[in-house]
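**Q** Using this note's numbering, you'd call the opening residue of the sequence shown number 136 and step up by one each time.
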Amino acid sequence: MKETISITAIIALAILGVVISYTQPEASKLLYAIVAAIAGIGGHYIPKAVVAFRSEIKRYGLKMTWKRYHFRVIGFALAGAGLGLIVDELIAGPFSLTPTGHEFWGIVLFVVGMVLISLKPKGKD
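(1) Please classify Gly-236: does DSSP put it in a helix, a strand, or coil?
(2) Figure out for me which residue from Ile-252, His-205 and Ile-242 has the closest Cα to the Cα of Glu-224.
(3) Helix, strand or coil, according to DSSP, for Leu-254 in the structure here?
(4) Is the closest heavy atom of the ligand NAP to the C-beta of Pro-229 under 6 Å?
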């Protein structure tokens, strides 16, 4: 349930970031999309990650193991930013999949984010 809420928030805030970028033409669309995606991660993973980071730093120093939710936090941010870039190009104009366009890098970010969300590292969560 919380993952669905987080994904919905990412989509909504990525679209909001694109809308804001059109009201501020000098602003970077990628920056707004990333900020919107990070804001849309939700309250499910961040507190858990902060507690885990603090306890692992206290216990092991800086030798931390990556857990599934660490990958999910980064994955949600990348996927939201990519989705924001794709929506931006769908609204703005010609949609082409050349490496010079925002939509190409938006698709790459979205796919990398989805892979990180689904990644299952060794060990327990």
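Backbone N, C-alpha and C fix where the C-beta goes; we use that ideal spot for every residue, glycine too.
If you're wondering where the values come from, they're calculated on a predicted model, not measured in any experiment.
**A** Reading from the atomic positions:
(1) coil
(2) Ile-242
(3) coil
(4) As presented, the structure is devoid of all ligands, the ligand NAP included, so that no description of it is given.
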